[in-house]
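Position one of the sequence shown corresponds to residue 0 (numbering that gives the first Met the number 0), numbered consecutively onward. Think of the CB as a built atom: it goes at the ideal place given N, C-alpha and C, for glycine as much as any other residue. Quick notes on the structure that follows.
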Amino acid sequence: MGREQRALALVGVCIALTIVGGFVMTWFHLTLGEVTGAIDLHGSTFCDAGQCHRAGLGATGFYGDNAAMTLWGSVAFALFAASQVALRLVRGYPSAKWTKKGYFWGVTMAGTVLTTAYLFPPDAAGKLAHAAVERTWAPLVLAIGQICGIVAVYYAGDSTYDDDVGEYKPIVVAKQAGKPPTG
């Protein structure tokens, strides 16, 4: 499997995991007596006595702001990684300047995903302080997607270790016989 095929496969995994971790999976499950809830990156759902209500993230403290940045930043990075791989496939090389910036962006987004999930859970000290909060696998899925995007950008941008290089043959310079060394 060549570099382009690896980059294409990894960017496909990045996009798939970004969609699943950002839009499909629930990030937190909450239980407070008879009330159950689910919070993800774009909203929350609470159910009580068979009645469920969907709301935005405005009432979840700092998590709401961080969640929006995590969701849309991850989507933008996945699209960026796809564009770098597309440039590699079409032109033969992506932008070196944007590849370097993409590494930083990818690491920043993976850090933002982990920060949103593990440092700033939804309203930890506020209205939900007495609720049992359980984290799901969604943050890890999204973080793995971002890491796949970083590796895809690497494979798309770096062409110094191609597999099609010939066999290495060292150059040996023969010594001249009969002449004394000059010094």
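Return helix, strand or coil for residue 183, following the three-state DSSP convention. For residue 183 there is no data in the structure shown, the boundaries of the chain being 0 and 182.
On the DSSP bridge assignment, give the partners of residue 52 in chain order. For the purposes of this step, residue 52 is taken as the residue at position 53 of the sequence shown. Partner(s): 45.
Roughly how many whole angstroms lie between the Cα atoms of residue 83 and residue 109? Here the question's residue 83 lines up with position 84 in the sequence shown. Here the question's residue 109 lines up with position 110 in the sequence shown. Cα-Cα distance, rounded: 18 Å.
Excluding the 5 residues flanking residue 89 on each side, which residues of the same chain have their C-beta closer than 8 Å to its C-beta? Locating residue 89 in the sequence shown gives position 90, where the first residue counts as 1. Contacts found: none.
First and last residue of the uninterrupted beta strand (DSSP E) at residue 103: If you number the sequence shown from 1, residue 103 lands on position 104. Bounds of any beta strand (DSSP E) do not take in residue 103; it lies within the alpha helix (DSSP H) bounded by 95-117.
Apply the 10 Å Cβ neighbour rule to residue 101 and answer buried if 16 or more other Cβ atoms are within range, or exposed otherwise. By 1-based counting over the sequence shown, the position of residue 101 is 102. Flag for residue 101 reads buried.
Within 8 Å, strictly: CB atoms of residue 26 and residue 137: Taking the sequence shown and counting its residues from 1, one reaches residue 26 at position 27. Taking the sequence shown and counting its residues from 1, one reaches residue 137 at position 138. A contact, by the Cβ cut-off of 8 Å.
Under the three-state DSSP convention, the category residue 67 falls into: Within the sequence shown, numbered from 1, the residue matching residue 67 stands at position 68. Note: residue 67 maps to helix in three-state DSSP.
C-alpha gap between residue 98 and residue 31, whole angstroms: Walking along the sequence shown from the start, residue 98 turns up at place 99. Walking along the sequence shown from the start, residue 31 turns up at place 32. Their backbone Cα atoms lie some 46 Å apart in a straight line.
Which first and last residues belong to the beta strand (DSSP E) in which residue 29 is found? Along the sequence shown, read from residue 1 onward, the residue named residue 29 stands at position 30. Element bounds for residue 29: 27-31.
Distance between residue 111 and residue 12 (C-alpha atoms, nearest Å): Start at 1 with the first residue of the sequence shown, and residue 12 comes out as number 13. Start at 1 with the first residue of the sequence shown, and residue 111 comes out as number 112. Taking the straight line from one Cα to the other gives about 19 Å.
Quick check: the segment 142-154 against the segment 39-46, are there 3 or more CB pairs under 8 Å? no
Exposed unless 16 or more other CB atoms sit within 10 angstroms - verdict on residue 117: Stepping through the sequence shown from its first residue, residue 117 is reached at position 118. By the 10 Å Cβ count, residue 117 comes out exposed.
Could you tell me whether the Cβ atoms of residue 94 and residue 145 are closer together than 8 Å? Stepping through the sequence shown from its first residue, residue 94 is reached at position 95. Stepping through the sequence shown from its first residue, residue 145 is reached at position 146. Taking the C-beta atoms as reference points, residue 145 is found no nearer than 8 Å to residue 94.
Among all the DSSP beta bridges, which residues are the ones paired with residue 38? Numbered from its first residue, the sequence shown carries residue 38 at position 39. In DSSP, residue 38 forms a bridge with 27 and 43.
Beta-carbon proximity list for residue 70, same chain, < 7 Å, skipping 5 on both sides: In the sequence shown, residue 70 corresponds to position 71, counting from 1. The residues are 21, 40 and 41.
Using only the alpha-carbon positions, how far apart do residue 81 and residue 50 sit? Sequence index remark: in the sequence shown, residue 81 carries index 82 (1-based). Sequence index remark: in the sequence shown, residue 50 carries index 51 (1-based). Cα to Cα, the separation comes out at about 41 Å.
Name the DSSP beta bridge partners of residue 131, please? As a position in the sequence shown, residue 131 is number 132, starting the count at 1. Answer is 30.
Considering residue 4, what are the terminal residues of the alpha helix (DSSP H) in which it resides? Numbered from 1 along the sequence shown, position 5 holds the residue referred to as residue 4. Here the alpha helix (DSSP H) through residue 4 covers 2-18.
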